[in-house]
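Protein chains in written order, with this note's numbering: chain A, -2 to 78; chain B, 8 to 162.
Glycine included, C-beta positions come from ideal geometry on N, C-alpha and C.
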Amino acid sequence: MFGAAPSIALATLGLTVVKEGQQFAATEAHSMIVGAIALFAYAAVVSYVLLRFKFSSLAVTLLGLIFWFAVAGGLWYVMSF
Amino acid sequence: MISVSTSGIKRGKWWEYVLRFALGGVVTALAGVLAKKIGPGFGGLFLAFPAILAASSTLVEKHERERKERKGMHGFDRGRHAAGADAAGAAMGSVGLIAFAVFVWKLLPGHSSGLVIAGATLLWIIVCGVVWFVWKWNPLRRLRSNSDEKKLREK
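Written out as structure tokens, the structure reads:
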């Protein structure tokens, strides 16, 4: 579960609140929801592929990042309308 | 029973921890730069970028494979399955991350930043615990096995 710990979010939000203010950080947190949904999809797909097929985790996790970008980018684009 | 084991920490080499730390730092910096250049709406996506998961899955696979190989066995499948389980855990953790993000988005404006971020972190821990417990208890499987037992008794 700690592979999805909010460590990056804690550091970034803390710095953003100090430099840009609370509203800016809250907007980042709003987009983070989309990123977290994409992370759920990424982790689920990586787990499925690793448990059922004989690929190395390096290849699957790296190629899976394309999937994360696609899901996050697609959802963000839809949300921006 | 739930217990804590620190043997995993001793197994890791120092550069593996530095790698995870560095990846996290790079993504943090990237999120900040993108937020400034393109806007917080885009930069915020990278607050949930799977940099740490990608690094940890490969390291978990390596450690498990080496453990098996030290006992004279082929460790590729074991390593792969361990990495898959690690990713499944991260999928559960990401549900907590969604709750974290919603909490910060809704409560940060107008409230103490420290308290909101601390509260969001606590919420992540609680939601992760609930999701893990539900997965472990697996009510659907219990209902199915109870109904199978009932059918067998009726025969």
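Output, in chain order, the set of chain A residues within a Cβ distance shorter than 8 Å of B:R87.
For this step, residue 87 of chain B is matched to residue 80 along the second sequence. Chain A residues near B:R87: L47, L48, K51, F52, S53 and S54.
Three-state secondary structure (DSSP) of B:S119
For the purposes of this step, residue 119 of chain B is taken as the residue at position 112 of the second sequence. Here B:S119 sits in coil by DSSP.
List in chain order: all unbroken alpha helix (DSSP H) runs of 4+ residues lying wholly within the region 61 to 122 of chain B.
83 to 114
Using beta carbons (cut-off 7 Å, strictly below), is B:F107 in contact with chain A?
The residue given as residue 107 of chain B occupies position 100 in the second sequence. True, the Cβ-Cβ gap to chain A drops below 7 Å.
Quick one: grab the DSSP three-state call for B:K44.
Mapped onto the second sequence, residue 44 of chain B falls at position 37. Correct three-state label for B:K44: helix.
Buried or exposed (CB count within 10 angstroms, at least 16 for buried), B:A90
For the purposes of this step, residue 90 of chain B is taken as the residue at position 83 of the second sequence. A buried status is given to B:A90, since no fewer than 16 other beta-carbon atoms sit within 10 Å of its beta-carbon.
Is there at least one Cβ from chain B nearer than 7 Å to A:Y39's Cβ?
Against the first sequence, residue 39 of chain A aligns to sequence position 42. It does: the Cβ of A:Y39 has a partner Cβ on chain B nearer than 7 Å.
For a quick check, are the C-beta atoms of A:I30 and B:A38 less than 7 Å apart?
By one-based count along the first sequence, residue 30 of chain A stands at place 33. By one-based count along the second sequence, residue 38 of chain B stands at place 31. No, these two residues do not count as a Cβ contact at 7 Å.
Return the chain-ordered list of same chain residues with a C-beta closer than 6 Å to the C-beta of B:V163, the five sequence neighbours on each side being excluded.
The displayed coordinates of chain B run from 8 to 162. Any statement about residue 163 of chain B would go beyond what the structure contains.
So, helix, strand or coil for A:F52, using DSSP?
Taking the first residue of the first sequence as position 1, residue 52 of chain A is located at position 55. Looking at A:F52 - three-state DSSP - the assignment turns out to be coil, as it is neither helix nor strand.
Which one of B:V111, B:F53, B:R74 and B:G50 has the shortest CA to CA distance from A:A23?
Here the question's residue 23 of chain A lines up with position 26 in the first sequence. With distances taken between Cα atoms, A:A23 lies closest to B:V111.
On the three-state DSSP scale, how would you describe B:F56?
Counted from its first residue, the second sequence places residue 56 of chain B at position 49. Correct three-state label for B:F56: coil.
Using 7 Å as the limit for Cβ to Cβ distance, is B:G126 near chain A?
The residue you call residue 126 of chain B lines up with position 119 of the second sequence. No, B:G126 lies away from the interface with chain A (no Cβ there is under 7 Å from its Cβ).
Residues in its own chain within less than 7 Å of B:L130 by CB, not counting five upstream and five downstream?
Counting from one through the second sequence, the residue named residue 130 of chain B turns up at place 123. So the list reads A106, F107 and F110, once near-sequence residues are dropped.
Just checking my contact of A:I5 with B:G31 at CB under 8 Å: how many whole Å lie between their CB atoms?
Numbered from 1 along the first sequence, position 8 holds the residue referred to as residue 5 of chain A. Numbered from 1 along the second sequence, position 24 holds the residue referred to as residue 31 of chain B. Under the criterion of beta carbons closer than 8 Å, A:I5 and B:G31 qualify as touching, at roughly 6 Å.
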